[in-house]
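Undergrad:
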Amino acid sequence: MSMRFVDEYREPGGIAKLSAEIERLAKGRQVKLMEVCGGHTHAIYKHGLQDLLPENVELVHGPGCPVCVIPMGRIDDAIAIAHMPGVIFATYGDMMRVPSSTGSLIDAKADGADVRFIYSPLDALTLARKNPDREVVFFAVGFETTAPSTAATLLRARDEGLKNFSVFCNHVTIIPAIKAILDSPGMSLDGFVGPGHVATIIGVRPFDFIPREYGLPIAITGFEPSDILQSVVMLLRQLTDGPVRVENQYARVVRDDGNRRALEILAETMQLRPFFEWRGLGFISQSALAIRPEFAQFDAEARFAVPNVRVTDPKACQCGEVLKGAIKPWQCKVFGNACTPETPIGSCMVSPEGACAAYYNYGRYSLMRRGVASVQAAGVP
Ligand code: SF4
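The numbering of the sequence shown is this note's numbering, which starts it at 689 and goes up by one.
1. Use the C-beta contact count for A845: other C-beta atoms within 10 angstroms, 16 or more gives buried, fewer gives exposed.
2. My parser needs the alpha helix (DSSP H) runs of 4 or more residues fully inside the stretch 947 to 999; what are they?
3. For C1007, collect the residues of the same chain with a Cβ closer than 7 Å to its Cβ; drop the 5 residues on either side in sequence, then sort them by chain order.
4. My guess is that V825 and A796 are in contact by the Cβ rule of under 8 Å, so how many angstroms apart are they, rounded?
5. Is P751 near the ligand SF4, going by C-beta to nearest heavy atom under 7 Å?
6. From the DSSP secondary-structure annotation, give me the bridge partner or partners of T861.
7. Go ahead and pull the three-state DSSP assignment for G909.
8. Tell me A778's beta-bridge partners as DSSP assigns them.
9. Less than 8 Å between the C-beta atoms of L917 and D878, yes or no?
10. List the residues that DSSP assigns as beta-bridge partners of L721.
11. Could you tell me whether the Cβ atoms of I703 and L740 are closer together than 8 Å?
12. Taking only heavy atoms of the ligand SF4 into account, decide whether any of them is closer than 7 Å to the Cβ of I710.
13. Within 10 angstroms of the Cβ of V921, are there 16 or more other Cβ atoms? Answer buried if so, exposed if not.
14. Is V694 helix, strand or coil by DSSP?
15. Quick check on R893: does DSSP put it in helix, strand or coil?
16. Please go through the same chain and pick out, in chain order, the residues whose beta-carbon is closer than 8 Å to the beta-carbon of C974, but skip the five residues on each side of it.
17. Is the separation between the beta-carbon of V724 and that of I866 shorter than 8 Å?
18. Measure the alpha-carbon distance for F856 versus E989 and round it to whole angstroms.
19. Say yes only if the C-beta of F1023 is nearer than 7 Å to one or more non-hydrogen atoms of the ligand SF4, and no if none qualify.
20. Below 8 Å between beta carbons: does that hold for R991 and G761?
21. Using DSSP with H/G/I as helix, E/B as strand and the rest coil, what is V855?
22. Are the beta-carbon atoms belonging to A868 and I972 less than 8 Å from one another?
23. Tell me which same chain residues have a C-beta within less than 6 Å of the C-beta of G726, skipping the five on either side of it?
24. May I have the straight-line CA-CA distance separating F911 from D821, to the nearest angstrom?
25. Should K818 go down as buried or exposed, given a rule of 16 or more other Cβ atoms within 10 Å for buried?
26. Is the distance from the Cβ of P1032 to the Cβ of R785 below 8 Å?
As structure tokens, then:
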């Protein structure tokens, strides 16, 4: 049956059937599935889906929150650019609160830097048109999902001949990060709830290596409760009956080949960096995008003396382990006490897609009910 309205993806009877089917298929086995995308982590805790799974089916969170994986040094670099004379630094709201070694972009704004909060890269272009005597720099962050909008903005800036607009490019690509996780020592997973938003752009085929090289199932997944539970059913059926493969649960949006036009403009404006540092995962080769030399006049790293800061995370911060799925957010020693959405120590507590923020905002209520001591100690304000 095709569904048209969001309520239909949340209909209690259908959800209960999927939950019962998961319990039946998982009987007698311990299953650990990773949801790669921060949007899924958010949906799982917002809708209480963890409580609908049997205890032997565990969902662990992956590296798919773009705000969370940017290392502290790149935020230091962003703050250094924002403080340069004549610069208007344009950024999405959640990036303003991510801590660096010297504070956040909000602190930089308080210190006099002209940091503006925008909703779209096109807002940064508008700022550039309105302020021809200033240098407008857009802080580009995100996976393949958002990179095409940066690419379209670069093309428009070129077509308009803008001379005072550039991009500090921090776009990352999901496939090398998944490979890095699969190759991590001691990592043991039974399958993936695949990233529906990224797959909308890159398609289904780039995920073929997961069953082919690692023998694990993956289901590209939508973001409603029934989508996520249906994907868990698909993964359990693959594990039970085989063969393991890439399944497309989100076929109402994701095509096998992705979005060709988006991929074309990405290829026209950006190229792979030889390597890029990820918070918690270290340097991963060919895992991020840089602006092509043909667009160097719009590349902030070519136009400004970016300091290229490298810093290690604060000792108390365990975001790296959270991003690899090695620990749950509430297992971090500072979760809910020193580190909250109001006073974030790590990036995973900043973005709504961050696993720590999702747990803090929604998941801790069910953890408290289950009697998890560290969460009970942190309390619920
Ligand atoms: S609780 Fe804070 S410091 Fe700990 S992992 Fe989460 S975001 Fe990082």
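No residue lacks a Cβ here, since even glycine has one placed at the ideal position from N, Cα and C.
Quick caveat, the model's predicted, so the values are computed rather than measured.
TA: So, from the listed chains and residues:
1. Working through the sequence shown from its first residue, we reach residue 845 at position 157. So A845 ends up on the buried side.
2. Whole alpha helix (DSSP H) segments, 4+ residues: 948 to 957 and 988 to 991.
3. Looking up residue 1007 in the sequence shown gives position 319. Hits under 7 Å: C756, R967, G968, D1001, G1034, S1035 and C1036.
4. Counting from one through the sequence shown, the residue named residue 825 turns up at place 137. Counting from one through the sequence shown, the residue named residue 796 turns up at place 108. With 8 Å as the limit, V825 and A796 do not qualify as a contact, their Cβ atoms being about 13 Å apart.
5. To locate residue 751, count along the sequence shown from 1; it is residue 63. In this structure, the ligand SF4 has no non-hydrogen atom nearer than 7 Å to the beta-carbon of P751.
6. Translated into the one-based positions of the sequence shown, residue 861 becomes position 173. Answer is none; T861 lacks a bridge partner.
7. Taking the sequence shown and counting its residues from 1, the one referred to as residue 909 is at position 221. Correcting the residue identity first, residue 909 is Thr in this sequence and not Gly. Of the three classes helix, strand and coil, the one that applies to T909 here is strand, per DSSP.
8. Translated into positions along the sequence shown, residue 778 becomes position 90. Looking at the DSSP output, A778 sits in a beta bridge with R804 and F826.
9. Translated into positions along the sequence shown, residue 917 becomes position 229. Translated into positions along the sequence shown, residue 878 becomes position 190. Contact flag unset, no.
10. For this step, residue 721 is matched to residue 33 along the sequence shown. DSSP, once it has assigned bridges, lists L747 and G879 as partnering L721.
11. Here residue 703 is taken as the residue at index 15 of the sequence shown, counted from 1. Here residue 740 is taken as the residue at index 52 of the sequence shown, counted from 1. At a Cβ-Cβ threshold of 8 Å, I703 and L740 count as neighbours.
12. Along the sequence shown, read from residue 1 onward, the residue named residue 710 stands at position 22. Result no, Cβ not under 7 Å from the ligand SF4.
13. By one-based count along the sequence shown, residue 921 stands at place 233. A buried status is given to V921, since no fewer than 16 other beta-carbon atoms sit within 10 Å of its beta-carbon.
14. In the sequence shown, residue 694 corresponds to position 6, counting from 1. In this structure, V694 counts as helix in the three-state DSSP scheme.
15. Here the question's residue 893 lines up with position 205 in the sequence shown. In this structure, R893 counts as helix in the three-state DSSP scheme.
16. Start at 1 with the first residue of the sequence shown, and residue 974 comes out as number 286. The sequence given here places Gln at residue 974; Cys does not occur at that position. Around Q974, the same chain offers T861, P864, L960, R961, P962 and F963 as residues with beta carbons nearer than 8 Å, after the five sequence neighbours per side are excluded.
17. For this step, residue 724 is matched to residue 36 along the sequence shown. For this step, residue 866 is matched to residue 178 along the sequence shown. Going by C-beta atoms, V724 is nearer than 8 Å to I866.
18. Walking along the sequence shown from the start, residue 856 turns up at place 168. Walking along the sequence shown from the start, residue 989 turns up at place 301. Separation of F856 and E989 (C-alpha to C-alpha, rounded to the nearest whole angstrom) is 6 Å.
19. Reading the sequence shown from its first residue, position 335 is the one you call residue 1023. Within the cutoff, so yes.
20. Mapped onto the sequence shown, residue 991 falls at position 303. Mapped onto the sequence shown, residue 761 falls at position 73. The Cβ atoms of R991 and G761 lie no closer than 8 Å to each other.
21. The residue you call residue 855 lines up with position 167 of the sequence shown. In the structure shown, V855 sits in a strand (DSSP, three-state: E or B).
22. Here residue 868 refers to the residue found at position 180 of the sequence shown. Here residue 972 refers to the residue found at position 284 of the sequence shown. A Cβ-Cβ contact shorter than 8 Å links A868 with I972.
23. As a working mapping, residue 726 is identified with position 38 in the sequence shown. Excluding residues within five positions, the ones whose Cβ falls inside 6 Å are G752, C753 and E1041.
24. The residue labelled residue 911 in the question sits at position 223 within the sequence shown. The residue labelled residue 821 in the question sits at position 133 within the sequence shown. Answer to the nearest angstrom: the Cα atoms are 43 Å apart.
25. Looking up residue 818 in the sequence shown gives position 130. Exposed, by the Cβ-count rule.
26. Within the sequence shown, the letter at position 344 stands for residue 1032. Within the sequence shown, the letter at position 97 stands for residue 785. Closer than 8 Å, so yes.
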